[in-house]
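Asks: Mind looking over this structure? Questions follow.
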Amino acid sequence: MRACCSQQMAVPFSHHLSSEKAPSPSALATPPPPPPNVAMAPPSLPPPTQDDLKRVAAHRAVELVEPGMVLGLGTGSTAAHALDRIGELIRRGDLRGVVGIPTSRWAEARAAAAGIPLSDLGAHPVVDISIDGADEVDPGLNLVKGRGGSLLREKMVEGASRRFVVIVDETKLVRRIGASDHAVPVEVVPFGWQLTLARLRRVFEGHESCEARLRRGGEGEPFVTDNGNYIVDLFFDKERGIERDLREVSDQILRVIGVVEHGMFLGMASSVIVAGTGGVTELLP
21 MRACCSQQMA
31 VPFSHHLSSE
41 KAPSPSALAT
51 PPPPPPNVAM
61 APPSLPPPTQ
71 DDLKRVAAHR
81 AVELVEPGMV
91 LGLGTGSTAA
101 HALDRIGELI
111 RRGDLRGVVG
121 IPTSRWAEAR
131 AAAAGIPLSD
141 LGAHPVVDIS
151 IDGADEVDPG
161 LNLVKGRGGS
171 LLREKMVEGA
181 SRRFVVIVDE
191 TKLVRRIGAS
201 DHAVPVEVVP
211 FGWQLTLARL
221 RRVFEGHESC
231 EARLRRGGEG
241 EPFVTDNGNY
251 IVDLFFDKER
261 GIERDLREVS
271 DQILRVIGVV
281 EHGMFLGMAS
291 SVIVAGTGGV
301 TELLP
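Mapping the sequence shown onto the working numbering, position 165 (from 1) lands on 185, and the numbers just tick up by one.
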């Protein structure tokens, strides 16, 4: 077989290079046609970026939005693509009568800039569909959200939704909650936050390896949420995460005096749209 292949390649090679007279300048400027029966390789495309995948997932989710719906508008880089797409459809006249409930001041500003009419939960206590990203998604479609500090409003809006669609790229899929570089955020009141942080650490003593840190902003001051609260970030062992029952852990965190809410969204997702290099898939509970 090796000799055969060598002979096949030699025929076109000698055909194009052997000549009794020098090629003309025009011949040099124009590349020769490919040899017969030799397939040309298609031009290689750069692999999609993480932001490309986020956009794909967001656009797929927006296909579920219908005219006249009340929408929960998520917060973050993935949700931004959904907001922009909804605004585009509104401007084109393809999506009429919708109203959005933003989950943060950031989402409110982004949605207003996109031309999405806005309201609140007081006027619309039932939301038809919420679309938002996540920092972690486990096999049971439990989520970690709130790295942007909007976990309380996100949980309120998405908990009031008939359908909650999560949009992520494939890097957000984890084997277990807490088993990643991301923290599980906990919103706490500023008063006595040091005591609250210490009590949160004790929730995990003898169980999970957990490091609790107060989140700080660029100037070193405590990060302040839209509700005027602080965030304590819980970092777990990246290989093990939280090995106990998540609802038990959730209850223990919420029983700590000074805790407002945590960023574990348990059993809330209706579906998760995942964009990866192999395409888009939808995960169901």
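Think of the CB as a built atom: it goes at the ideal place given N, C-alpha and C, for glycine as much as any other residue.
Values in this document were obtained by computation on a predicted structure and should not be read as measured data.
Assign isoleucine 277 to one of three DSSP states: helix, strand, or coil.
Replies: Within the sequence shown, numbered from 1, the residue matching residue 277 stands at position 257. Here isoleucine 277 sits in coil by DSSP.
Asks: Applying the 10 Å Cβ sphere with the 16-neighbour rule, what's the burial state of methionine 288?
Replies: Numbered from 1 along the sequence shown, position 268 holds the residue referred to as residue 288. It counts as buried.
Asks: Look at the alpha carbon of valine 276 and the alpha carbon of leucine 109, and state the distance between them as a whole number of angstroms.
Replies: Taking the first residue of the sequence shown as 1, we reach residue 276 at position 256. Taking the first residue of the sequence shown as 1, we reach residue 109 at position 89. Using only the alpha carbons, I get a separation of about 44 Å.
Asks: If you scan the stretch 155-229 from start to end, which runs of the beta strand (DSSP E) of 3 or more residues do you find wholly inside it?
Replies: Listed in chain order, they are 181-189 and 204-208.
Asks: Comparing C-alpha positions only, which one of Asp152, Pro67, Asp155 and Leu220 sits nearest to aspartate 271?
Replies: If you number the sequence shown from 1, residue 271 lands on position 251. Nearest option by C-alpha distance: Leu220.
Asks: Does the beta-carbon of phenylalanine 211 have 16 or more other beta-carbons within 10 angstroms, so that it is buried, or is it exposed?
Replies: Here the question's residue 211 lines up with position 191 in the sequence shown. Per the 10 Å Cβ criterion, exposed.
Asks: What's the gap between the Cα of lysine 165 and the Cα of aspartate 114?
Replies: Translated into positions along the sequence shown, residue 165 becomes position 145. Translated into positions along the sequence shown, residue 114 becomes position 94. Whole-angstrom Cα-Cα distance: 31 Å.
Asks: Could you check if valine 146 is buried or exposed, using at least 16 other CB atoms within 10 Å of its CB as the buried criterion?
Replies: Indexing the sequence shown from 1 puts residue 146 at position 126. Burial call: exposed.
Asks: Taking the C-alpha atoms as reference points, what is the distance between threonine 7 and proline 68?
Replies: In the structure displayed, the chain extends from 21 to 305; residue 7 sits before or after that span and is not available.
Asks: Applying the 10 Å Cβ sphere with the 16-neighbour rule, what's the burial state of histidine 227?
Replies: Counting from 1 along the sequence shown, the entry for residue 227 is found at position 207. Per the 10 Å Cβ criterion, exposed.
Asks: Aspartate 72 by DSSP, collapsed to three states: which one?
Replies: On the sequence shown, residue 72 is found 52 positions in, with the first residue counted as 1. Reduced to three states, the DSSP call for aspartate 72 is helix.
Asks: Who pairs with aspartate 152 in a beta bridge, going by DSSP?
Replies: What you label residue 152 is simply residue 132 of the sequence shown in a count that begins at 1. Looking at the DSSP assignment, aspartate 152 forms a beta bridge with Val186.
Asks: Are the beta-carbon atoms belonging to glycine 135 and valine 208 less than 8 Å from one another?
Replies: Position 115 of the sequence shown holds residue 135. Position 188 of the sequence shown holds residue 208. No; because the gap between Cβ atoms is not below 8 Å, this pair is not in contact.
Asks: Is there contact here, the stretch 294-303 with the stretch 224-238, by at least three beta-carbon pairs under 8 Å?
Replies: The stretch 294-303, when compared against the stretch 224-238, does not touch it at the 8 Å Cβ threshold.
Asks: So, for histidine 79: in the same chain, excluding its five sequence neighbours on each side, which residues have a beta-carbon less than 6 Å away from its beta-carbon?
Replies: Stepping through the sequence shown from its first residue, residue 79 is reached at position 59. For histidine 79, where only same-chain residues beyond five positions count, the Cβ hits under 6 Å are Arg105.
Asks: Expressed to the nearest angstrom, what Euclidean distance is found between the alpha-carbon atoms of glutamate 174 and leucine 73?
Replies: What you label residue 174 is simply residue 154 of the sequence shown in a count that begins at 1. What you label residue 73 is simply residue 53 of the sequence shown in a count that begins at 1. Rounded to the nearest angstrom, the two C-alpha atoms are 22 Å apart.
Asks: List the DSSP bridge partners of valine 252.
Replies: Within the sequence shown, numbered from 1, the residue matching residue 252 stands at position 232. BP columns for valine 252 point to Val206 and Leu234.
Asks: In whole angstroms, what is the alpha-carbon distance linking arginine 222 and cysteine 230?
Replies: Here residue 222 is taken as the residue at index 202 of the sequence shown, counted from 1. Here residue 230 is taken as the residue at index 210 of the sequence shown, counted from 1. If I take the Cα positions, the gap works out to 9 Å.
Asks: Measuring alpha carbon to alpha carbon, tell me which residue in Val119, Asp148, Thr95 and Gly117 is nearest arginine 125.
Replies: In the sequence shown, residue 125 corresponds to position 105, counting from 1. Of Val119, Asp148, Thr95 and Gly117, the residue nearest in Cα terms is Thr95.
Asks: Could you check how far apart the C-beta atoms of valine 177 and serine 150 are, in whole angstroms? I think they sit under 8 Å.
Replies: Numbered from 1 along the sequence shown, position 157 holds the residue referred to as residue 177. Numbered from 1 along the sequence shown, position 130 holds the residue referred to as residue 150. Correct: roughly 6 Å between the Cβ atoms.
Asks: Suppose the cutoff is 6 Å on Cβ atoms and the five residues either side in sequence are ignored; what does the same chain contact list for glycine 117 look like?
Replies: Within the sequence shown, the letter at position 97 stands for residue 117. The answer, listed in chain order, is Pro87 and Gly88.
Asks: Hey, how far is the Cα of histidine 282 from the Cα of leucine 163?
Replies: For the purposes of this step, residue 282 is taken as the residue at position 262 of the sequence shown. For the purposes of this step, residue 163 is taken as the residue at position 143 of the sequence shown. Each residue's Cα considered, the two are about 11 Å apart.
Asks: Determine the direct distance from the alpha carbon of leucine 103 to that of aspartate 152, and round the result to whole angstroms.
Replies: Against the sequence shown, residue 152 aligns to sequence position 132. Against the sequence shown, residue 103 aligns to sequence position 83. Going from the Cα of aspartate 152 to the Cα of leucine 103 covers about 10 Å.
Asks: Contact defined as beta carbons within less than 8 Å: I believe phenylalanine 243 pairs with glycine 169. What is the distance between those atoms, to the nearest angstrom?
Replies: Counting from 1 along the sequence shown, the entry for residue 243 is found at position 223. Counting from 1 along the sequence shown, the entry for residue 169 is found at position 149. So it is a contact: roughly 6 Å between Cβ atoms.
Asks: Leaving out five residues before and five after threonine 301 in sequence, what residues of the same chain have Cβ atoms less than 8 Å from its Cβ?
Replies: Translated into positions along the sequence shown, residue 301 becomes position 281. Closer than 8 Å at Cβ, skipping near neighbours: Ile293 and Val294.
Asks: Confirm, please, whether the CB-CB distance from valine 90 to asparagine 119 is below 8 Å.
Replies: For the purposes of this step, residue 119 is taken as residue 99 along the sequence shown, with counting starting at 1. For the purposes of this step, residue 90 is taken as residue 70 along the sequence shown, with counting starting at 1. The amino acid occupying residue 119 in the given sequence is valine; asparagine does not appear at that position. It is a contact, given that the beta carbons lie within the stated cut-off.
Asks: According to the Cβ coordinates, are serine 181 and glycine 107 closer than 8 Å?
Replies: Here residue 181 corresponds to residue number 161 of the sequence shown, with the count starting at 1. Here residue 107 corresponds to residue number 87 of the sequence shown, with the count starting at 1. For serine 181 and glycine 107, no; Cβs fall outside 8 Å.
Asks: Within 10 angstroms of its Cβ, does threonine 123 collect 16 or more other Cβ (buried), or is it exposed?
Replies: Your numbering for residue 123 matches position 103 in the sequence shown. With 16 or more other Cβ atoms within 10 Å, it is buried.
Asks: For glutamate 128, tell me which candidate among Asp246, Leu303, Gly198 and His202 has the shortest Cα-Cα distance.
Replies: As a first step, residue 128 is located in the sequence shown; it is residue number 108 there, counting from the start. Of the listed residues, the one whose Cα sits closest to glutamate 128 is Asp246.
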